Amino acid sequence: MRIINHIPTRPTAVLLAALPFVAVLVAYAIGSEIRLAENPADKLLPAPAQIGATALRLFTEGDRRTGEILLWKDTWASLMRLLFGVGIAATVSLVLGMAIGLVPYVRRLMSGFVAVVSMVPPLALLPILFIVFGLGEVSKVVLIVIGITPIMTRDLAQRVLDIPKEQIVKAQTLGASSWVIVARVALPQVLPRLIANIRLSLGSAWLFLIAAEAVASDVGLGYRIFLVRRYLAMDVILTYVLWITALAFVIDWALKTISRRAFPWLEAGL
Amino acid sequence: MRIINHIPTRPTAVLLAALPFVAVLVAYAIGSEIRLAENPADKLLPAPAQIGATALRLFTEGDRRTGEILLWKDTWASLMRLLFGVGIAATVSLVLGMAIGLVPYVRRLMSGFVAVVSMVPPLALLPILFIVFGLGEVSKVVLIVIGITPIMTRDLAQRVLDIPKEQIVKAQTLGASSWVIVARVALPQVLPRLIANIRLSLGSAWLFLIAAEAVASDVGLGYRIFLVRRYLAMDVILTYVLWITALAFVIDWALKTISRRAFPWLEAGL
Amino acid sequence: AEEKTEFKLAWSIYVGWMPWGYLEDSGIMDKWAEKYGIDVEIVQINDYVESINQYTAGQFDGVSATNMDTLSIPAGGGIDTTALIVGDYSNGNDAVIVKGDGGLADLKGKPVNLVELSVSHYLLARGLDSVGLSERDLGGVVNTSDADMIAAYTTDDVQAVVTWNPLVSEILNSSDDARAVFDSSQIPGEILDLMVVNTQTLADNPAFGKAVAGAWYEVMGLMADGDEEVLTAMAEASGTDLKGYKAQLAATEMFYAPADAVAQASSAELPTTMTEVAEFLFDKGILGEGAPSADFVGVAYPDGTVTGDAANVKFRFDTTYMQMAADGAL
Amino acid sequence: MSFVSVRDVWQAYDGRSILERVNVEVEEGEFISIVGASGCGKSTFLRMLLAEEVPVRGAISIDGGAPAVEPGRERGVVFQRYSVFPHMTVRENIIAAEGFAKPSGWLFGSARKAARNRADAMLVRIGLNHVADQYPASLSGGMQQRLAIGQALTAKPRVLLLDEPFGALDPGTRLQMHDFLTELRAETGMTVFMVTHDLAEGFKLGDRVLVFDKVRWDPMDPGLHGATITYDFDARDGGVPFQHILDRYPSLAPEPVGKA
Amino acid sequence: MSFVSVRDVWQAYDGRSILERVNVEVEEGEFISIVGASGCGKSTFLRMLLAEEVPVRGAISIDGGAPAVEPGRERGVVFQRYSVFPHMTVRENIIAAEGFAKPSGWLFGSARKAARNRADAMLVRIGLNHVADQYPASLSGGMQQRLAIGQALTAKPRVLLLDEPFGALDPGTRLQMHDFLTELRAETGMTVFMVTHDLAEGFKLGDRVLVFDKVRWDPMDPGLHGATITYDFDARDGGVPFQHILDRYPSLAPEPVGKA
Ligand SMILES: Nc1ncnc2c1ncn2[C@@H]1O[C@H](COP(=O)(O)OP(=O)(O)OP(=O)(O)O)[C@@H](O)[C@H]1O
Ligand SMILES: Nc1ncnc2c1ncn2[C@@H]1O[C@H](COP(=O)(O)OP(=O)(O)OP(=O)(O)O)[C@@H](O)[C@H]1O
Ligand SMILES: [Mg+2]
Ligand SMILES: [Mg+2]
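As they're listed, the protein sequences go chains A, B, C, D and E.
Our numbering puts the first residue of the first sequence at 44, with every later residue one more than the last.
Our numbering puts the first residue of the second sequence at 44, with every later residue one more than the last.
Our numbering puts the first residue of the third sequence at 578, with every later residue one more than the last.
Our numbering puts the first residue of the fourth sequence at 869, with every later residue one more than the last.
Our numbering puts the first residue of the fifth sequence at 869, with every later residue one more than the last.
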């Protein structure tokens, strides 16, 4: 029988799905064991038990000086920046994308520019961002916005252009003004794509967030990782990495669920 | 007449397309003028003429010590890293994506794992990467690979799954083995998507490249930007940024063209 | 004993460490290594912290680092480390810079931008001490990457920064209202720039120590003579010109003569400094979870005295090889 | 003065003529079928009737009005596909035909309630009341086209334009749609233009059948000349060719003579 | 022993029965039309004939062989859509039917040349020689289905399975396809199973027409029981119902009696 026709049974499938995670864990445990056997004070690959203890401490114990639990403070700060950055990027790209997709004048004006701008490496522009937006929260949010907006805009504009011409004409024959076509024909059909776009961009958004926090900050997940790197506290770094992964996963899942719930017509079919 | 029905004439269209670029240039020139009027030694926004002079020097004048033109050396080094990183990522994600899409056992084994791994922020893992892969070229390439492979793999696997089941069954009724289905049914249909994926991932790849070069390197576009950032030599930084933008644009355009040429069937239609 | 013939040193860009790059480029290192029948590779790493991390993880046999970072990262991480060469101490290279008028005492309630947990942080703590303040009295410290310090300084949010050269001279030169209110010349000998190597490796391979020391002091000789070609090469490698580099050197107390370095390593103040550094590190939680107290890591000095935990000596000042250079025995 | 008047209309894309010298006069309430070879310009002609495009020469006017420059409520349209809005339920699609004309695009309060009632009545009429809350994608092709027609009629257009409305349906459904359209027309007395590939359909439904074809033909360059209306059959008389072509199309005569 | 023998076949998904006790014997060269309500399991039955799925109970064998576990060259298939490979030209699609069976998936040298000639002959036969170098997307639906059939025949299957092969075509094309299929069958004498929605089509083309329906019906839970073959018409006799049901389906009788 062809390998593509072999289908695992339910229990096998569950086992298979767990396997790579177990393998990574075991590989890590062994690597850690070897290094710790050589140098018990080794910081690079702390024992899983130690990571567990550190994670517990980070999640529950307050800072020595202030009594605040840093991890939650960091999480809150980073999520806020992410929320604003992605929120603004989504809004801007939605407006721009719709305008480019629907209005020929705007299309001529912006589409070439957006295509070029989407190729600029945003990290290299950080110094200019700082000067223009200051060192505070604004510049971090702006870095995220600048980093992800152009690509989202391009994609959304394309999606608007993909709406069948027939629908736009039909709307006009029903007396729809440009604004009504935007609000009632294009927008609802592009929104699911916007969410898909946000899901795609979140990876880059995290990247820019971490980069921005590494440059100038006093709180945030990226800040903490870069700070503790200074004394190679890999137990803290790994806890934070796993935590960020979990957050990213939950956000992705939530967006997927929202999209499914909010746009039932996408799944309608004979 | 509705705004969406106004279509610019050809000359207007060209003018419109140029407008934003001109606007940015003018805005920069004014900003630069103002800052330089205040402080002639200001480095943040060098006069356009100075950027031009710097660019000319960077592109043509050799290093005093070695006689080599650093910009070309940097470009070559960075492009090689990019090429290897993206090349490896493309190969790995193609193989993995096809396996996940076609072989149920592999799908069970890897799809959950890849979904989780694609959420890990790769920048946070930099220290570990450097230790495992050393500080040479390998770790830079690996960062790019780790950064972009999971998302590409997910997308390619989805594309393979999107190939109508009918085609796979039909191939089997023509006597195709699993291998033949891979090579002659799935691969040719996924290749265009692979190129689209590479185009999408190149932005992140540049990001990771610049980040990796900033940590450990002695040549490369990202390294040079990092080096002169300390002195706020914006004329050099801007030249490099524009150069990277141009390179990215050309690569993107080349990939688009290759895709159009290589897959004529994609554009076939009634 | 594990003898080997290939060694790797890591260094990062900083005034006092530029000779390491020159050693590699000029072939002087190869020459000395050949003399002792070994091979030494000197690798530049842009990110200073990363270079120490890599050394700590065992990727390198030695790394250029300050006394403070050596204590916190490799020594704190259980890697027994020896200061093979004491290259210089910062004598004004690190500074607290404020915008406009006002002194150190006026920092009260203001935010300060610096690379947290670095020698800048230590310098700030020492400075605040001197005027009876502590970090708590500030409006907070904001971790700011050294690469972006200059850009950061030009923004309105920033009122004070602590940083090192070339950034210090860059900021002081480019902005009229920038004033250094405290610098490392006021705490001479506390911020030492070292080449530290793995103690075990050094013990097993004395040739390694000899070759590195020999090569280093050959270049020191050239620099002491003001060899313009050498200095220009270093200047360009650090991204500045000869004039700029000389200005930075002026704020650096280079130990061109090995005897001076030996004297610094053997000085009576060193144990006091190291104790203070250890306390600073402990206070910031940098010594890690396993550190029950500030003297958890022992530091050994050339005369055999130890500060901190004598049972856990992980950081040693060893003048053997510098002394050999001083004696012309290499 | 006839209801719809097409006078000496030319259309060209990128310098290539597609339609040439098209003239036709249509009375109110007539059902005009349009047939012709694939690519001859039937849809182009419909797009001009719709005012989606303006002809390069000549003019089209409805009821003596000025030529329109863009589509509006007086011209309804149903295409072969994509004529309904996939993100609205069946009922919302009908209500949209009233709401879209409002500045906000929405109806509120009692206006909405009234529109909803009218929509439900329309749904009964087009036989879709049982699927009022479903999305178009879950309807069959025939139901979607019925919805599209119902939606177009809700806007009460003066002319209804159909571009191969049944081209994607299978034959049984197609016959049902013919009956449906015939009934609707009997009720409303609407002026209809319908493009079709199916001659039989054209004759069955239409009062007149217009045939588009090229009169001039350059063997060296088949794309050089455009098509025009070459026949105008009276389908009410069982398809006997219309004998008064010159009366109606003075432009085809050597000496053009106007006729209002 | 008949050529294709389906014995007491059951199929269920997620515990819900779709097909129950399906029995049918087919002689070599027969053309079997399969009709039934939408969703009653016609495609499921075809998938089992194809060995794309194995029944939960019972067995299907061809020419007395062991039941197959996966599709292979002895069973050809044409679906309503997606039956040809969009990335290959028309000619390559035909050649693929020979090349795919090779270990590498490709034919080389003289074997390729020979296959190319045979492919061109097949293209003439299915009337697609003039578009040999085009991609399927640029063909009309009918041409695509002809290509799909030609491709399936090139592999010389023992049984040809068609799942609503003409479902997406318009009526004129459909009639042409009927003639095409009838001709091809006369030439090859192939055993064919064809699922169709169109009763007339089933009777026109088939030697026998199998009707799938539910015999048991639970009003509380319409999805509880599966369908089976409820009628087996002999379409050669002009559609007179086949009278010997019990002879052929012993499982429907109170006392099962085998018949080879
Ligand atoms: N916007 C356009 N730009 C350039 N050429 C066009 C455009 N629209 C249509 N054409 C060309 O005009 C000709 C007529 O097109 P049209 O769609 O009107 O034909 P049709 O009679 O409706 O054909 P079919 O029966 O296939 O629908 C075609 O050759 C087509 O390629
Ligand atoms: N793989 C599957 N898993 C679960 N249910 C299935 C699967 N395949 C088919 N079904 C269900 O089995 C039933 C029969 O499906 P099948 O496609 O065989 O019907 P059909 O007679 O071909 O219908 P149609 O005329 O619409 O093509 C349907 O209710 C369908 O939802
Ligand atoms: Mg048309
Ligand atoms: Mg079916």
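Just so it is clear, CB atoms sit at the ideal spot from N, CA and C, and this is done for glycine as well.
All of these numbers come straight from a predicted model, not from anything done at the bench.
{"Item": "Residue 1084 (chain E) in three-state terms, based on DSSP", "Value": "coil"}
{"Item": "Cross-chain neighbours of residue 733 (chain C) in chain A, by beta carbon under 8 Å", "Value": "177"}
{"Item": "Ligand 4 heavy atom lying under 7 Å from the CB of residue 1072 (chain D)", "Value": "no"}
{"Item": "Helix, strand or coil at residue 879 (chain D) [DSSP, three-state]", "Value": "strand"}
{"Item": "Residues bridged to residue 831 (chain C) (per DSSP)", "Value": "C:665"}
{"Item": "Around ligand 1, Cβ to any heavy atom closer than 5 Å, ordered along the chain", "Value": "D:881, D:886, D:906, D:907, D:908, D:909, D:910, D:911, D:912"}
{"Item": "Spatial neighbours of residue 872 (chain E) in its chain, beta-carbon cut-off 7 Å, leaving aside the 5 residues before and after", "Value": "894, 930, 1027, 1059"}
{"Item": "Proximal residues, the segment 185-217 of chain A versus chain H, C-beta separation under 8 Å", "Value": "In the displayed structure, chain H is absent; the protein chains listed are A, B, C, D and E."}
{"Item": "Residue 1051 (chain E) classed as buried or exposed, judged by whether at least 16 other C-beta atoms fall within 10 angstroms", "Value": "exposed"}
{"Item": "Beta-carbon proximity of residue 599 (chain C) to residue 807 (chain C), cut-off 8 Å", "Value": "yes"}
{"Item": "Test: residue 890 (chain D) CB closer than 8 Å to a CB of chain A", "Value": "no"}
{"Item": "Residues, ordered as in the chain, of the segment 947-961 of chain E that lie near chain B by beta-carbon distance below 9 Å", "Value": "947, 948, 949, 950, 951, 952, 953, 954, 955, 956, 957"}
{"Item": "is_contact[residue 725 (chain C), chain B] using C-beta, thresh 8 Å", "Value": "yes"}
{"Item": "Own chain partners of residue 1107 (chain D) with C-beta closer than 7 Å, once the 5 adjacent residues on each side are dropped", "Value": "Confidence at residue 1107 (chain D) is low in this model, with a pLDDT of 47, below 50, so the placement of that residue should be treated as unreliable; the coordinate-derived value is given next. 1071, 1101, listed in sequence order."}
{"Item": "Residues from the segment 260-273 of chain A in contact with chain C, defined by Cβ distance under 7 Å", "Value": "260, 261, 266, 270, 272, 273"}
{"Item": "Residues that residue 174 (chain B) contacts on chain C, provided the C-beta gap is smaller than 9 Å", "Value": "630, 631, 634, 635, 636"}
{"Item": "For residue 853 (chain C) and residue 31 (chain B), the rounded distance between their alpha carbons", "Value": "With chain B running from 44 to 313 in the structure shown, residue 31 (chain B) is simply not present."}
{"Item": "Chain A contact for residue 1099 (chain D) (CB, 8 Å cutoff)", "Value": "no"}
{"Item": "Buried/exposed call for residue 249 (chain A), threshold 16 Cβ in 10 Å", "Value": "buried"}
{"Item": "Three-state secondary structure (DSSP) of residue 871 (chain C)", "Value": "coil"}
{"Item": "Whether residue 615 (chain C) touches residue 785 (chain C) by CB criterion (8 Å)", "Value": "yes"}
{"Item": "Neighbourhood of residue 225 (chain B) by C-beta distance below 7 Å, restricted to the same chain and skipping five residues each side", "Value": "141, 145"}
{"Item": "Near-chain C residues of the segment 284-295 of chain A (beta-carbon distance less than 7 Å), N- to C-terminal order", "Value": "none"}
{"Item": "Any non-hydrogen atom of ligand 2 closer than 7 Å to residue 1093 (chain E) Cβ", "Value": "no"}
{"Item": "Residue 1009 (chain D) CB to nearest heavy atom of ligand 2 below 7 Å", "Value": "no"}
{"Item": "Residue burial classification, residue 724 (chain C) (beta-carbon count within 10 angstroms, cutoff 16)", "Value": "buried"}
{"Item": "Beta-carbon proximity check, residue 295 (chain B) vs residue 242 (chain B), cutoff 8 Å", "Value": "yes"}
{"Item": "Contact set between residue 231 (chain B) and chain E, taken where Cβ atoms lie within less than 9 Å", "Value": "953, 955, 956"}
{"Item": "Pair within 8 Å by beta-carbon distance, residue 947 (chain D) and residue 1031 (chain D)", "Value": "yes"}
{"Item": "beta-carbon residue 904 (chain E) near ligand 2 non-hydrogen atom, thresh 7 Å", "Value": "yes"}
{"Item": "Proximity winner among A:76, A:173, A:90, relative to residue 278 (chain A) (alpha-carbon distances)", "Value": "A:90"}
{"Item": "Within 8 Å, strictly: CB atoms of residue 187 (chain B) and residue 125 (chain B)", "Value": "yes"}
{"Item": "Where residue 301 (chain A) falls, given that 16 or more other Cβ within 10 Å makes a residue buried", "Value": "exposed"}
{"Item": "Proximity winner among D:943, D:885, D:926, relative to residue 1084 (chain D) (alpha-carbon distances)", "Value": "D:885"}
{"Item": "Inter-residue Cα distance where the pair is residue 921 (chain E) and residue 879 (chain E)", "Value": "9 Å"}
{"Item": "Straight-line Cα distance separating residue 99 (chain B) from residue 118 (chain B)", "Value": "15 Å"}
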